[in-house]
Each structure stands twice: as C-alpha cells, then as structure tokens.
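Just so it is clear: in the sequence shown, position 133 is 133 by the UniProt record's numbering, and no numbers are missing. Note sheet for the following structure.
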Amino acid sequence: SSQPQQTPPSPSTLTVDAAISPTRQPQSPPSQQQQIPPPPPPLLPSLPPQQQQQSLDASNEAYRLLTQKMIHCTIPAVKGLFKSIVLSKAKHCLQNTLRLLTLWFEYGQYREVYDAITEGNKTVPVEVWLHVLPQLIARIDSPRPLVHQLIRHLLIDVGRQHPQALIYPLVVASKSVVREREVAANRVLNNMREHSHTLVQQALVVSEELIRISILWHEKWHEGLEEASRQYFGDRSIA
1 SSQPQQTPPS PSTLTVDAAI SPTRQPQSPP SQQQQIPPPP PPLLPSLPPQ
51 QQQQSLDASN EAYRLLTQKM IHCTIPAVKG LFKSIVLSKA KHCLQNTLRL
101 LTLWFEYGQY REVYDAITEG NKTVPVEVWL HVLPQLIARI DSPRPLVHQL
151 IRHLLIDVGR QHPQALIYPL VVASKSVVRE REVAANRVLN NMREHSHTLV
201 QQALVVSEEL IRISILWHEK WHEGLEEASR QYFGDRSIA
C-alpha cells in the first residue's frame, strides 16, 4: 500500500513557528571553579642581614649628601632675599618676604639655615613682618622646634614694638581647639603682658564678649547635648 505523501510546510508557517518558538541559546559549558591567584612576589627580594645593613647605610649616606647640597643652596638664597628686602622698594618687599618665608618654613629646621635667618632678621626692620603676620601665626605651632622657636622670638619682637597689630590675631590663635597652637599663642601673650598688660586684658575681654553674644543659649545647649550624645553612643563614655 502506498503511504500518503507529506506536504512540506509553507513559508508563512515557518515564519510563524520561528516567531513563536523561543530562540535557543547555546549552552555554555559548566563554569570551572575559580582558582585564587597566587600572591604577587615581593617588590624587593629578601636580603641577608649584612646586605640589608649595607643598603640602609648607602641610603642614609645619600640622604646626608642630598641634605648638605640642599643646605648649601638654601643659605645663599636666604641671604640674598634678606639683602633684597633691605634694598627693595615697598611694592616688591612683600613678594620677597613671602619667598623668604617659604624657605624659612621648609628648611628652617636645619641649624645652618636657622643661623642664617637669625642673622638676617637683625638687618631688616620689624615693620617688614607686619604684612605677613597671618602667615607667621599660622605656623606658630610648627612641629619643627627651630622653626617654632624662631617664629616665637620674632612675634615677641613684633609685639614689643607694635602690640596693637599683633594682639587680635594672637588672641584668636589662643582660642584654638588645637592644644599646641593654644599653648604657643599664650606664651607670646604672656610675654606681651609684661609691657602691655592693659592691652592684653582688654583684648581678651572683648574677645570673650564677642564670642558670648554671637552664640545663643539654646545653641550652647544644643551643642552640649550633641557632644554628650556623641561621647555616650560613639565613645561609650559617661564621664
């Protein structure tokens, strides 16, 4: 018996079937377990103790030579700036003074540079520093002992001759929350009390009264409650 001949599907039927049937995506092979890469090798290979000491000595010697060259170049620059301040006119004096302060704050911790600045201060009038009092007071708590010492001595000299110009920025610094800054400013104020006691006391009274009238009582209470909450919940402190 003859089997019935199957008719091929029409193109329209194929189009409909292709639109209805979901597109089969090729199955990706099962992902292999990711392996943790080994740690990178150290940048510097471990050296024997003797070679480590030799490398450290070589680094220290290179740093010492570099410091000597830096000091050798800084001292003539400091002396030249002091000379230019003495000879320059008023419009150029501030620019040279700021350049001098840059070298002072950066390299003043070295004894040779400190001595050069100390000698140079004797050649310029104190009025030169009145234009840069904000910069000097900003570094009054410098962590470098020689820089801090020289700034304190200079501010004492300025306060002795021009106390009115120094008193208010110094009082502001004495109210700082930074302990080192507060102590450094109070040292200069205590020295000023020896020759301008009335001025210092009146400036402190004015400063305290300005602070008192600028902060309302409810602001003080709000600040106190926030601080107490921070200490209790943040620091776990009930002191």
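Quick reminder that beta carbons are idealized off the backbone N, C-alpha and C, glycines included.
Rounded to a whole number of angstroms, what is the C-alpha to C-alpha distance between residue i and residue j?
i: V124; j: T74; result: 19 Å
i: A138; j: Q51; result: 45 Å
i: A184; j: R152; result: 8 Å
i: N121; j: D115; result: 10 Å
i: residue 256; j: V126; result: With the chain running from 1 to 239 in the structure shown, residue 256 is simply not present.
i: I85; j: H197; result: 33 Å
i: Y232; j: G224; result: 12 Å
i: I36; j: S142; result: 48 Å
i: E226; j: E219; result: 10 Å
i: H222; j: W104; result: 43 Å
i: T15; j: P38; result: Because the pLDDT at T15 is just 46, under 50, the model does not fix this residue reliably, and the value given afterwards should be weighed accordingly. Taking the straight line joining both Cα atoms gives about 53 Å.
i: I213; j: S207; result: 10 Å
i: L136; j: V172; result: 14 Å
i: P76; j: M70; result: 11 Å
i: H72; j: S59; result: 20 Å
i: G234; j: E182; result: 27 Å
i: H195; j: V205; result: 18 Å
i: H87; j: S229; result: In the sequence as presented, His is not what sits at residue 87; that position holds Leu. Between L87 and S229, the C-alpha separation is close to 60 Å.
i: Y63; j: D57; result: 10 Å
i: R111; j: R236; result: 47 Å
For residue i, count the other beta carbons within 10 Å of its own beta carbon; 16 or more makes it buried, fewer makes it exposed. Which is it?
i: T23; result: At T23 the pLDDT is 48, less than 50, meaning the model places this residue with poor confidence; the figure from the coordinates comes in the next sentence. Exposed, by the Cβ-count rule.
i: L166; result: buried
i: S21; result: Because S21 carries a pLDDT of 48, less than 50, the predicted location of this residue cannot be relied on, and the following value inherits that uncertainty. By the 10 Å Cβ count, S21 comes out exposed.
i: Y107; result: buried
i: V177; result: exposed
i: A203; result: buried
i: W217; result: exposed
i: N96; result: buried
i: A18; result: For A18, the predicted model reports a pLDDT of 44, less than 50, meaning its position is unreliable and no value from the coordinates is stated.
i: L210; result: exposed
Can you give me the Cβ contacts of residue i inside the same chain, cut-off strictly under 6 Å, excluding the 5 residues immediately before and after it?
i: S12; result: With a pLDDT of 49 at S12, under the threshold of 50, the predicted position of this residue should be treated as unreliable, though the coordinate-derived value follows. Excluding positions up to five away in sequence, the list is empty.
i: Q68; result: none
i: I238; result: none
i: Q53; result: none
Excluding sequence positions up to five away, which residues of its chain have a Cβ less than 7 Å from the Cβ of residue i?
i: S31; result: With a pLDDT of 49 at S31, under the threshold of 50, the modelled position of that residue is not reliable, and the figure given next carries that caveat. Cβ within range, chain order: n/a, list empty.
i: I156; result: V188 and N191
i: E180; result: D141
i: R193; result: V200
i: G80; result: none
Measure the Cβ-Cβ separation of residue i and residue j and say whether it is below 8 Å.
i: I117; j: L150; result: yes
i: S129; j: V158; result: Looking at the sequence shown, residue 129 is not Ser but Trp. Contact: yes.
i: L94; j: F82; result: no
i: P163; j: P134; result: no
i: L98; j: V132; result: yes
Take residue i and list the residues in its own chain whose beta-carbon comes closer than 8 Å to its own, dropping the five residues that flank it on each side.
i: R144; result: G108 and Q109
i: N186; result: S174
i: V78; result: L100, L103, W104, V113, A116, I117 and G120
For residue i, verify whether its CB is less than 7 Å away from any heavy atom of the ligand ATP.
i: S88; result: Questions concerning the ligand ATP fall outside what the structure shown contains, since it holds no ligand whatsoever.
Distance cutoff 8 Å, beta carbons only. Does residue i sit that close to anything in chain D?
i: R144; result: Of the protein chains in the structure, only one exists, and it is not chain D.
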